[in-house]
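Q: Just so we're aligned, residue 126 is where the sequence shown starts under my numbering, counting upward by one.
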Amino acid sequence: SAAAPPASLADTTAIVVRDVPNRSNLDQIEKTEQLTEYLNDQKISTDTVHLKLQERVAELEQALRATAATPRGTILNENPIKTLLDRNETLVKEVRFADSTCVELSGKVSALEAEKKILQNQI
């Protein structure tokens with residue numbers, strides 16, 4: 126048995142209003158989608174920075190091994206200890222930068238995920 130057609134204009138309007146999400150929900154859904162997209166972009170950015178830093182650490186470790194493996198008596202353009210200290214200093218700076226960047230991005234991601242969760246709960 127088919128449903129009876131609406132009896133009046135008011136009934137029709139009530140059905141339409143009930144079946145169409147309100148503007149506030151649509152705004153929240155849009156905001157949630159934007160936050161999700163932003164979170165994905167931030168994750169990609171963080172992953173890219175992390176990968177580059179891992180590559181740089183590997184390069185520095187390789188250079189350190191090469192310097193440490195240089196036979197005694199080999200003439201180098203500069204003091205090998207100074208080279209090691211300079212490389213170590215560079216590595217420390219890069220690791221500190223990576224750490225602070227990761228902490229900052231992690232904080233942003235956490236805040237955005239919390240905001241996303243709140244918006245999803247409101248929908």
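Where is the CB? At the ideal position from N, CA and C, for every residue including glycine.
Shortest alpha-carbon distance to Ala-183 belongs to which of Asp-152, Thr-215 and Leu-164?
A: Closest by alpha carbon: Thr-215.
Q: Out of Lys-156, Lys-168 and Asn-150, point me to the one whose CA is closest to Val-234's CA.
A: It is Lys-168 whose Cα lies nearest to the Cα of Val-234.
Q: Among the residues of its own chain, which have a CB less than 7 Å from the CB of Leu-237, if the five just before and after it don't count?
A: Excluding sequence neighbours, Leu-237 sits near Leu-160, Tyr-163 and Leu-164.
Q: Rounded to whole angstroms, what is the Cα-Cα separation between Leu-230 and Thr-171?
A: Whole-angstrom Cα-Cα distance: 7 Å.
Q: If we ignore side chains and look at the alpha-carbon of each, how far apart do Val-220 and Ala-239 end up?
A: Using only the alpha carbons, I get a separation of about 28 Å.
Q: Measure the alpha-carbon distance for Thr-208 versus Gln-179 and round it to whole angstroms.
A: When rounded, the distance between both Cα atoms is 21 Å.
Q: Which runs of the beta strand (DSSP E) spanning at least 3 residues fall entirely within the stretch 164-242, listed in chain order?
A: If we require 3 residues or more, the stretch 164-242 turns out to have no beta strand (DSSP E) run fully inside it.
Q: Alpha carbon to alpha carbon, how far is Ile-154 from Cys-227?
A: Roughly 28 Å separates the two Cα atoms.
Q: Could you tell me how far apart the beta carbons of Thr-173 and Gln-245 are, in whole angstroms, since I believe they sit closer than 8 Å?
A: Not a contact, Cβ separation roughly 27 Å.
Q: Taking Val-217 as the reference, which of Arg-190, Arg-181 and Asp-166 has the closest Cα?
A: Nearest option by C-alpha distance: Arg-181.
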